[in-house]
Amino acid sequence: MGPTVVNSLEVRQLAYAYPDGTQALFGVDLSIARGERVALLGPNGAGKTTLVMHLNGILTAGHGTVTVAGTPVAKDTLKEIRQRVGLVFQDPDDQLFMPTVRDDVAFGPANAGVRGAELDRVVEDALDQVGMLEFADRPPHHLSFGQRRRVAVATVLAMRPEILVLDEPSSNLDPAARRELAEILRSLDVTVLMVTHDLPYALELCERALILSGGVIAADGPTRELLADTGLLARHRLELPYGFAIPAG
Amino acid sequence: MGAGHHHQLYLPGDSVVHRLPPQCKLLAVLAFAIVVVATPRERFWAFAAYAALLAAVAVAARVPAGHIVRRMAIEIPFVLFAFLIPVIGLGERTTVLGLSLSVPGLWAAWNILAKATLGVVASILLAATTEPRVILVGAQRLRLPSLLVQIAMFMLRYMDVIVDEMRRMRVARESRGFVARDVRHIPVLARSAGALFIRSYERGERVHLAMLSRGYTGEMPITHDISASVRQWGTALALPAVALAIWGLPW
Chain A
1 MGPTVVNSLE VRQLAYAYPD GTQALFGVDL SIARGERVAL LGPNGAGKTT
51 LVMHLNGILT AGHGTVTVAG TPVAKDTLKE IRQRVGLVFQ DPDDQLFMPT
101 VRDDVAFGPA NAGVRGAELD RVVEDALDQV GMLEFADRPP HHLSFGQRRR
151 VAVATVLAMR PEILVLDEPS SNLDPAARRE LAEILRSLDV TVLMVTHDLP
201 YALELCERAL ILSGGVIAAD GPTRELLADT GLLARHRLEL PYGFAIPAG
Chain B
1 MGAGHHHQLY LPGDSVVHRL PPQCKLLAVL AFAIVVVATP RERFWAFAAY
51 AALLAAVAVA ARVPAGHIVR RMAIEIPFVL FAFLIPVIGL GERTTVLGLS
101 LSVPGLWAAW NILAKATLGV VASILLAATT EPRVILVGAQ RLRLPSLLVQ
151 IAMFMLRYMD VIVDEMRRMR VARESRGFVA RDVRHIPVLA RSAGALFIRS
201 YERGERVHLA MLSRGYTGEM PITHDISASV RQWGTALALP AVALAIWGLP
251 W
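Sequences listed follow chains A and B, in order. Each residue of the first sequence is one higher than the one before, starting from 1 at the first, in full-length UniProt numbering. Each residue of the second sequence is one higher than the one before, starting from 1 at the first, in full-length UniProt numbering.
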């Protein structure tokens, strides 16, 4: 990768306080290169969700900047930013609000003005990537939780995002659904930021990890090294599940 | 999972009526209802003819009579009210089976019963031949206020989610030994209802965020338009047209 290639995501000195005065972020710095899969680790209340909300302009920075593929997040770029940053929420029932899977996947591209045969192609492509094409005409509430999460990923893929941001992708999944989702995520040709405290999942999918703690990035490095540092993990209320040992690689 | 309980009204099929575009059917039912309501209550035969028209539609749509009758239960409160009117009505009175009834009250009761029944049956036929979400596409086509259509759409989508949540709350209450037996338990149920409202409200906010994240600007994009041909409009509007002809007959 040459030095002229723009990063998918650049966050500089991002600080944010909620309207009630609670300061959630105290100057976050991070950059993610195109094609990287990065895990954002952190205990509950570290500011992970607050950070995610800044990435597509749902919250606007109190201080600092967020830049997506060279475009700064600002009022007049929101439309473009929301197309480039694909947010997958934790509860698929929040994300799937249309009467059928097909309508839901079509929602984003249709808002961007795609219509007709092109729209059908985009929708089917996205559903195919998550292995849900045969469920296109089902209502979302007739699907299993794992299937709904995969459709939620498809709704975002259909927008051809620069970066896919997943909030706790493995939560509430049974082991098989968890593995299936991992296979899908690995097969995608897109930059991924995965917010999680499921450390084995982060190790499985992401070469690099960041630890967000107390509203700042406390560590940034290869996932394997970070997870091997028990002292570091303990300082930030993170721990590997009982019996889990980092496989020799 | 409360799987698909709002499909109770819909009868899958492939009849002429099923295949008509939703906007045609919606407008036909609306026009039919207007003709029925505008018919003077003294024209008994006109009402019989309207009923025959609906029966013909039911046959064409292959909707069994049992399906319609069961769903007419929604009309029961109106029927009870209609039965009360002659008893409490004023004016000239007549005696039926030893009961003193008001004549204008009887007319009013007949008026309500006949017109409401025809309207309800027409709506049941619409719902039996059109999926709920497709009805909404029709409403969108008919340029109904977008906000109303969206509210109805979200209701359809989240009904099951909320019913599920309600069920989980009931299970949680009962697991801790609560059984609603008398009025003293109402405050507990009221608090549950309040909690359910707040949860649903918060979900609404999260859904709104998800919509914004995918470029929502206040309008639902129409992704696959169902356009209607002149012939389809003709077929659908035959119902109110014939009803109007009956209305216009010299009696």
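We put the CB at the ideal spot given by N, CA and C, even for glycine.
In the structure shown, Ser213 (chain B) adopts helical secondary structure according to DSSP, grouped into three states. The beta carbon of Ala202 (chain A) is closer than 8 Å to those of Ala39, Leu41, Met194, Thr196, Ala209, Thr223 and Leu227 in its chain, skipping five residues each way along the sequence.
Cβ atoms of Pro43 (chain A) and Val101 (chain A) stay farther apart than 8 Å, at about 34 Å. Bounds of the beta strand (DSSP E) holding Gln13 (chain A) are Leu9 to Ala17. Here the alpha carbons of Tyr158 (chain B) and Val242 (chain B) stand approximately 39 Å from one another. A distance below 9 Å separates the beta carbons of Val66 (chain A) and Glu10 (chain A). Excluding sequence positions up to five before and after Arg71 (chain B), its CB lies within less than 6 Å of the CB of Ile124, all in the same chain and listed in chain order.
Chain A places a beta carbon closer than 9 Å to that of Ala210 (chain B), counting this residue as a contact. Within the model, the alpha-carbon separation for Gly35 (chain A) versus Val192 (chain A) is close to 7 Å. Using a 10 angstroms sphere on the CB of Ser213 (chain B), the tally of other CB atoms reaches 16 or more, which defines it as buried. Contact of Gly215 (chain B) with chain A by beta-carbon distance below 7 Å involves Lys79, Arg82, Gln83, Gly108, Asn111 and Ala112. The three-state secondary structure of Gln90 (chain A), taken from DSSP, is coil. When the beta-carbon positions are compared, Val35 (chain B) and Thr235 (chain B) stay at least 9 Å from each other.
By the C-beta criterion, the region 69-81 of chain A is judged not to be in contact with the region 11-26 of chain A, since fewer than 3 inter-stretch pairs fall below 8 Å.
For Gln147 (chain A), the enclosing alpha helix (DSSP H) covers residues Phe145 to Leu157. Spatial neighbours of Arg199 (chain B) in its own chain (CB-CB distance under 7 Å, excluding positions within 5 residues in sequence) are listed in chain order as Glu165. Cβ neighbours of Leu166 (chain A) within its own chain (closer than 6 Å, five residues either side excluded): Val88 and Met194. Counting only residues of its own chain and dropping the five nearest sequence neighbours on each side, Leu53 (chain B) has a CB closer than 7 Å to the CB of Leu239, Val242 and Ala243. For a cut-off of 8 Å, the C-beta gap from Ala106 (chain A) to Val85 (chain A) is around 19 Å, too long to register as a contact. Residues of the same chain with a CB within less than 8 Å of the CB of Leu188 (chain A), apart from the 5 flanking positions on each side, are Gln129, Leu157 and Leu164 in chain order. Among the residues of chain B, those whose CB is under 7 Å from the CB of Gln95 (chain A) are Ala210, following chain order. In summary, His18 (chain B) is buried, with 16 or more beta-carbon neighbours lying within 10 Å of its beta-carbon over all protein chains present. Residue contact check for Met194 (chain A) against chain B: no CB pair falls below 9 Å.
Rounded to whole angstroms, the separation of the alpha carbons of Gly131 (chain A) and Ser170 (chain A) is 17 Å.
By the 16-neighbour rule on beta-carbons within 10 angstroms, Glu162 (chain A) is buried. Contacts with chain A (Cβ-Cβ distance below 8 Å) from the region 160-193 of chain B involve Asp160 and Val161, listed in chain order.
When Cβ-Cβ separations below 9 Å define contact, Met132 (chain A) makes no contact with chain B.
Every alpha helix (DSSP H) of 4 residues or more that sits fully in the region 154-241 of chain B is shown, in chain order, as 186-213.
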